[in-house]
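The sequence shown begins at 153 in this note's numbering and counts up one residue at a time. One structure is given here, and the rest of the page talks about it.
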Amino acid sequence: KIGRMNGKKASTIATNGKIPAPKSGNKSKVKQEPDVSMEDAESTGSESDVPLAHRRKAKRKRVDSSDSEYDDKNTVTKNGSKKSIKKEDIEMKVPVSDEDIPIVKRKGKTNGKKTTIIKKESEDSDSDVPLAKLKSGKGKAAENKAKTGTDKEAEVKLDKKLQVKAKRKRNDSDSEADNKKQTAKTASKNVANTKKSDTQRKKKKEDSPDESMSAKKRGKQKVKEEDSDNEEDDEFKWWTQQNDNNDGTDKWTTLEHNGVYFPPPYVPHKVKMKYDGKEVTLEPEAEEVASFYAAMLGTDYVTNETFNKNFFKDWVKVLKKSKNNPPIRDFEKCDFTPIYEYFEQEKERKKNMSKEEKAKLKEEKIKLEEKYGFCFLDGRKEKVGNFRIEPPGLFRGRGAHPKTGSLKLRVQPEQVTINIGKGTKIPSPPQGHKWAGVIHDPTVTWLATWKENVNDNIKYVFLAANSSLKGLSDMKKFDKARELKKHIAKIRNDYQTNLRHKNTATRQMATAMYLIDRLALRAGNEKDTNEEADTVGCCSLRPEHVKLIPPNTVTFDFLGKDSIRYINTVEVEDQVFRNLAIFMKGKDEPDDLIFDRINTQELNKHLSSYMKGLTAKVFRTYNASYTFQKQLKELTKGDNSIAEKTFAYNQANRQVAILCNHQRSVSKAHGNQMSKIEDKIKALKYQRMKLKKSILTLEPRLKKKRSDLLEEESDLDEEWIIEYEKQLMEKEREKVQIDQKEKELQKERTSGRVDPKKGLTVDKADEKIQTLTAKIKETKLLKDDKESNKTTALGTSKINYIDPRISAAWCLKYKVPYEKIFNKSLRDKFKWAMDVVDADWEF
């Protein structure tokens, strides 16, 4: 690993297969999960409550250090004298056992190497660069600033990333022998350069204190960047070591974790609800369930008849458990408002907590994350995803679920099965409880499992989305879809031929495959509508879902997954139209299926005969990725701005979301968001208008030569201008004499003349107008993007159906920063995709 020691003497240290976690003055804080109650998060003193990381603390002595892991120039001996580090001590081996390091602070193995050389000065660090060149960085910054706006800055930033990435790839390909030679060579070189650099810096400091301070700040920034590079280099790149034939085999060799976190027990608030206008006292269990409902007042759920019916049915069962509960028989007489008002007061109280109280809660969350939020998989530290057991509450469900409002019971440890490595200490369950079972199954990737009571669904605790196991699963999924392109021609040729087959089942199979391929329909399964929402797919379509319009037009109208309505009118091939008419003939009963001779299992079995593992879902992934890549090629232009390229990307993503029927309801905040964007556009136009008038004041002769300066700004009426200037005055009220400023603005509106600001020239004003025009264009694109995608869910297809390597290659080809298309979590999740492609990669 390459690091810096603030310009002091470097030392190179080789560890025995383990890298001690670097310590700093400020402990790094772990990113937090959503808020949860923390009453039970404190330790009770038993070993079960102590993280695995700290159980050996008393038995073993740890290695401690100051802000720097190793002394910079001298080592202090026991008698207090200083001992200089010799040249031969620059490189040494320090054996460190995982047993000596807490589980939450251990660093994982780096790409399977047993010995890692840690270099304390990089080959391309500041120490190797003359200060004169370092100082010239200001000129570079000025040059970048002169480029047109944010696009050029973004491209420069991306180019630097690509250079670093290419350099890393070259380094990774070097042999270990070369690395060792280079390490020794670099170490001595860096020591010499460090001394030289120290002398130069010292001289510089004497000459100019201000410039020295600036250099010091730059040095800190450089250290931070190098630390970030160190973390990336230290990361386990599973995609370079994956086992291609991993299906059905062991997913891990060793697995160590601390189990799962159970929600704290309910603490009664003793706020009384009303029944038939009178206050009633509830037992704690009944009060808890009533509170679940009260907390949802004001949402759409409490207006849902099914939700209310299921809640009341389950609540009455709880009420009957104790004779101390009042006899509540009529839901309409229940008034949960007092409890709801109590919750609203609690929200306000939490908002107004002191900094000390908030800091305490934050510290408790960090401790919880440290204990349960990480595991060790084959010696590597990996983040755990959903380590919290789902708390009790009211089931909501997706779409028109028949069990919405049902009571989700509290999960007990006796329902939870733990999966952990053999020979590893089993995490202790909460005091007084035991696990349902403990297994050691390396063929599965979950850490814990249980069954919930509403739908009898199996729930799992998996590793986080950016873990090696999840990343490998994603890569294989997209590779499987990519492999389909080798077989797609034969598959299409076969089903086209079988559309006219004499056998009805064969014709139905061919017709279903046609719809799945061309319309990206889900396969669909038969469902018990008393237990699940009545959602359908291709194989479960009924005559009521399909309308035939001669000669060859078909309208599909049904509820798909999550009760999202799928409505689409398309033209199909004549034979497909005739087949659908034949399959629907004489089927008048509500439960009659159009494809009554086939089912999903038979369909997937038929597909797997073409390619191992081929299912209808692989078709959706293939068509989504293929469509996305095609749309990107059509919509992206190389000479466009970053904003225009991003807009093209989102438009391509939108086409895939429409294909896959990924919809959403319009957000309640959408109207306000659009109004703010429109106001921003008007504000930019207002500034541009004033600059134009300033130019005419500076050079009145331009009135005849430049018609663009006389063009009126659209959308800017006098009423809006007056209101906007009032807002500006509010902001300026404490800075200027407001009355005088208001008179100036009123005079400008009346005369149409704007007095230019001090130092403003025509050229400077023109530059500002160009910048404002670019910002207006960019903001308009943002507005159009938000408006066109208000009912389309882009995220589902981007995360689950579009191969991320397409996006990564597109970014490289058109020099668009990854940050423009992937948020932080997606950049972590798809790091493998960004590492394996070049600009010419294609799906």
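The C-beta atom is built at its ideal place from N, Cα and C for all residues, glycine as well. In this text the structure is predicted, and so the values were computed from the model without any measurement.
Span separating the alpha-carbon of residue i from that of residue j
i, j, result
"Glu515", "Met505", "15 Å"
"Leu693", "Leu745", "6 Å"
"Asp867", "Lys769", "48 Å"
"Lys699", "Tyr718", "13 Å"
"Lys261", "Lys983", "Note that Lys261 has pLDDT 46, beneath the 50 cutoff, so the model's placement of it is unreliable and no number is given."
"Gln815", "Lys637", "27 Å"
"Val470", "Lys502", "30 Å"
"Asp987", "Lys510", "39 Å"
"Leu784", "Ile578", "50 Å"
"Trp993", "Thr788", "16 Å"
"Ser364", "Glu971", "Residue placement at Ser364 is flagged as unreliable, the pLDDT there being 37, under the threshold of 50; the coordinate-derived value follows with that caveat. Between Ser364 and Glu971, the C-alpha separation is close to 33 Å."
"Trp996", "Gly411", "Any property of residue 996 remains undetermined from this structure, which presents the chain solely from 153 to 995."
"Thr405", "Gly623", "18 Å"
"Tyr647", "Tyr666", "7 Å"
"Glu865", "Lys920", "16 Å"
"Val563", "His421", "22 Å"
"Ile1034", "Ile810", "With the chain running from 153 to 995 in the structure shown, residue 1034 is simply not present."
"Arg652", "Arg749", "16 Å"
Whole-number beta carbon distance between residue j and residue i, since they are thought to touch under 8 Å
i, j, result
"Thr401", "Thr595", "7 Å"
"Val613", "Leu599", "5 Å"
"Gly573", "Leu407", "4 Å"
"Ala664", "Phe747", "6 Å"
"Asn731", "Arg659", "6 Å"
"Thr779", "Gln807", "6 Å"
"Cys812", "Ala672", "6 Å"
Environment of residue i [buried if 16+ CB atoms lie within 10 Å]
i, result
"Lys473", "exposed"
"His585", "exposed"
"Thr455", "exposed"
"Arg481", "exposed"
"Asn805", "buried"
"Ile874", "exposed"
"Ser760", "exposed"
"Lys265", "Because the pLDDT of Lys265 is 39, which lies under 50, any placement of that residue in the model is unreliable, and the question is left without a value."
"Ser859", "exposed"
"Ser977", "exposed"
"Asn824", "exposed"
"Ile847", "buried"
"Leu862", "exposed"
"Asn975", "exposed"
"Pro581", "buried"
"Pro565", "buried"
Top-ranked residue by Cα proximity to residue i, from the options
i, options, result
"Asp452", "Ala662, Arg548, Phe708 and Met425", "Arg548"
"Asn704", "Thr721, Ser715 and His697", "Thr721"
"Glu796", "Glu930, Gly450, Lys430 and Val536", "Glu930"
"Glu437", "Ala821, Gln879, Gly429 and Pro417", "Pro417"
"Leu434", "Asn456, Trp404, Lys834 and Lys475", "Lys475"
"Tyr774", "Arg634, Ala945, Ala442 and Ile973", "Arg634"
"Leu934", "Ile794, Asn456, Arg749 and Glu509", "Ile794"
"Asp918", "Gln839, Asn477 and Gln807", "Gln839"
"Glu741", "Glu725, Glu786 and Pro695", "Pro695"
"Gly911", "Glu877, Lys965 and Leu850", "Leu850"
"Tyr445", "Glu431, Asn460 and Ser625", "Asn460"
"Tyr801", "Phe483, Lys967 and Asp608", "Lys967"
"Lys981", "Asn462, Glu534 and Asn751", "Glu534"
"Leu964", "Lys737, Phe528 and Gly790", "Gly790"
"Val441", "Lys845, Ala657, Tyr492 and Glu521", "Tyr492"
"Asn571", "Pro582, Asp593 and Pro581", "Asp593"
"Met736", "Thr752, His697 and Val724", "His697"
"Asp990", "Lys611, Trp962, Glu786 and Pro969", "Trp962"
CB of residue i within 8 Å of CB of residue j, strictly
i, j, result
"Val423", "Tyr494", "yes"
"Asp709", "Phe771", "no"
"Asp487", "Met448", "no"
"Tyr427", "Pro478", "yes"
"Gly947", "Ser715", "no"
"Lys938", "Ile833", "no"
"Met661", "Trp391", "no"
"Lys555", "Asn605", "no"
"Asp936", "Phe995", "no"
"Cys691", "Thr752", "yes"
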